[in-house]
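Structure, as structure tokens:
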Amino acid sequence: MTIKAPTVNISGLGTDPLEERIKAKQERWKYKIAVLSGKGGVGKSTVAVNLAAALAKMGNHVGVLDADIHGPNVAKMLGVEKAEVLAERMEDGRFEMIPPMNDFLGQITPIKVMSMGFLVSEDQPVIWRGPLVTKAIKQLLGDVKWGELDFMIIDFPPGTGDEILTVVQTVKLDAAIVVTTPQEVALLDTGKAVNMMKEMEVPYVAVIENMSYLICPHCGNEIDIFGKGGGKKLAEKEGVDFLGEIPVDLKAREASDAGIPIVLYGDTVAAKAFMELAGKLVEKLEELKAKEEAKEPES
Numbered sequence: 004m005t006i007k008a009p010t011v012n013i014s015g016l017g018t019d020p021l022e023e024r025i026k027a028k029q030e031r032w033k034y035k036i037a038v039l040s041g042k043g044g045v046g047k048s049t050v051a052v053n054l055a056a057a058l059a060k061m062g063n064h065v066g067v068l069d070a071d072i073h074g075p076n077v078a079k080m081l082g083v084e085k086a087e088v089l090a091e092r093m094e095d096g097r098f099e100m101i102p103p104m105n106d107f108l109g110q111i112t113p114i115k116v117m118s119m120g121f122l123v124s125e126d127q128p129v130i131w132r133g134p135l136v137t138k139a140i141k142q143l144l145g146d147v148k149w150g151e152l153d154f155m156i157i158d159f160p161p162g163t164g165d166e167i168l169t170v171v172q173t174v175k176l177d178a179a180i181v182v183t184t185p186q187e188v189a190l191l192d193t194g195k196a197v198n199m200m201k202e203m204e205v206p207y208v209a210v211i212e213n214m215s216y217l218i219c220p221h222c223g224n225e226i227d228i229f230g231k232g233g234g235k236k237l238a239e240k241e242g243v244d245f246l247g248e249i250p251v252d253l254k255a256r257e258a259s260d261a262g263i264p265i266v267l268y269g270d271t272v273a274a275k276a277f278m279e280l281a282g283k284l285v286e287k288l289e290e291l292k293a294k295e296e297a298k299e300p301e302s
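As structure tokens, this is what we get:
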């Protein structure tokens, strides 16, 4: 299946139909959340996948868009990388893709997943410049049957480039979750991601510290392998919320490779941390939504 370029929006010739579809679809998504980081290797996709699973475990309808066009791996981490993507013909003659779903044998509300990884073979590189990447992301947003969602989670690639700009300028985000690890090098780059989201006027920006510590499997003590407290310091410095710490869990790597979020291993410290984090996020978003609704004038 190929991704065709959307209709070009030329001044004076009307609006881009794809942009209009995205605008209409996002009206059916209660909360739109970006998960990003200024650098790679911090476990950002792991956080996105497990945040989605935690929200679905709470009974929410969740969609996950893998916006990393060049290095998609969300589908594998959610156990649907072998799924066949079907398409439905719409009334106007175009086709919309049907996102694969996984409920992990009924343990959670089914999660809808869409990724570039479904559309290219596993070992085929996507060698595209920015404009093609932009078009692909917009099509994954606007030409997919997402339906009604409580949460749309958008997992970004590292950095602050085209993919992030495309989504932020196209989707009205409710929150941005910036993932970091405790060490100073990670904090330098993730601080840029925090400030980008603030400059783009995303209503709620928060920091999560991943790989905060390792629990020794022999003695049970906490080992600060990357330092301690960096994520909280970053949040305090930038004036944003700190949602919590996620420890290194030896089961997490096995779980990701098997396509099972660590959240579903309910007896682990990491699973409990993700559930607590998801609860805090929901509480904060509902609080902000209530304040916003209270400001709206009565019709």
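Residue numbers 4 to 302, in my numbering, belong to the letters of the sequence shown in order.
Glycine is no exception: its CB is placed at the ideal position from the N, C-alpha and C atoms.
Classify residue i as buried or exposed, calling it buried when 16 or more other Cβ atoms lie within 10 Å of its own Cβ.
{"i": "leucine 89", "result": "exposed"}
{"i": "threonine 49", "result": "buried"}
{"i": "phenylalanine 309", "result": "Nothing in the structure corresponds to residue 309, since the chain is present only between 4 and 302."}
{"i": "threonine 184", "result": "buried"}
{"i": "aspartate 177", "result": "buried"}
{"i": "valine 182", "result": "buried"}
{"i": "leucine 191", "result": "exposed"}
{"i": "glutamate 248", "result": "buried"}
{"i": "asparagine 224", "result": "exposed"}
{"i": "glycine 234", "result": "buried"}
{"i": "lysine 85", "result": "exposed"}
Residue i to residue j, Cα distance in whole Å?
{"i": "phenylalanine 245", "j": "methionine 200", "result": "15 Å"}
{"i": "glutamate 241", "j": "glutamate 212", "result": "15 Å"}
{"i": "leucine 237", "j": "valine 45", "result": "15 Å"}
{"i": "glycine 230", "j": "serine 215", "result": "8 Å"}
{"i": "histidine 221", "j": "histidine 64", "result": "39 Å"}
{"i": "glycine 41", "j": "lysine 195", "result": "6 Å"}
{"i": "methionine 155", "j": "asparagine 76", "result": "17 Å"}
{"i": "leucine 39", "j": "lysine 254", "result": "23 Å"}
{"i": "leucine 291", "j": "glutamate 22", "result": "27 Å"}
{"i": "alanine 274", "j": "valine 83", "result": "21 Å"}
Looking at residue i: is its Cβ nearer than 8 Å to the Cβ of residue j?
{"i": "glutamate 91", "j": "lysine 148", "result": "yes"}
{"i": "aspartate 69", "j": "aspartate 165", "result": "no"}
{"i": "isoleucine 36", "j": "threonine 173", "result": "no"}
{"i": "aspartate 66", "j": "proline 102", "result": "Going by the sequence as given, residue 66 is glycine instead of aspartate. Yes; because the gap between Cβ atoms is below 8 Å, this pair is in contact."}
{"i": "valine 205", "j": "valine 197", "result": "no"}
{"i": "asparagine 105", "j": "leucine 81", "result": "yes"}
{"i": "glycine 43", "j": "alanine 78", "result": "no"}
Apart from the five residues just before and just after residue i, which ones in its own chain have a Cβ nearer than 6 Å to its Cβ?
{"i": "alanine 57", "result": "Val266, Phe277, Met278, Ala281"}
Pull up the CB-CB distance for residue i and residue j, whole angstroms please, since I reckon it's below 8 Å.
{"i": "arginine 31", "j": "glycine 150", "result": "7 Å"}
{"i": "histidine 73", "j": "proline 161", "result": "Not a contact, Cβ separation roughly 10 Å."}
Suppose the cutoff is 7 Å on Cβ atoms and the five residues either side in sequence are ignored; what does the same chain contact list for residue i look like?
{"i": "valine 123", "result": "Val129"}
{"i": "lysine 298", "result": "none"}
{"i": "glutamate 295", "result": "none"}
By Cβ distance, which residues of its chain are closer than 8 Å to residue i, with the 5 residues on each side in sequence left out?
{"i": "isoleucine 114", "result": "Ala55, Ala56, Ala59, Val65, Gly66, Val67, Leu81, Met104, Asn105, Asp106"}
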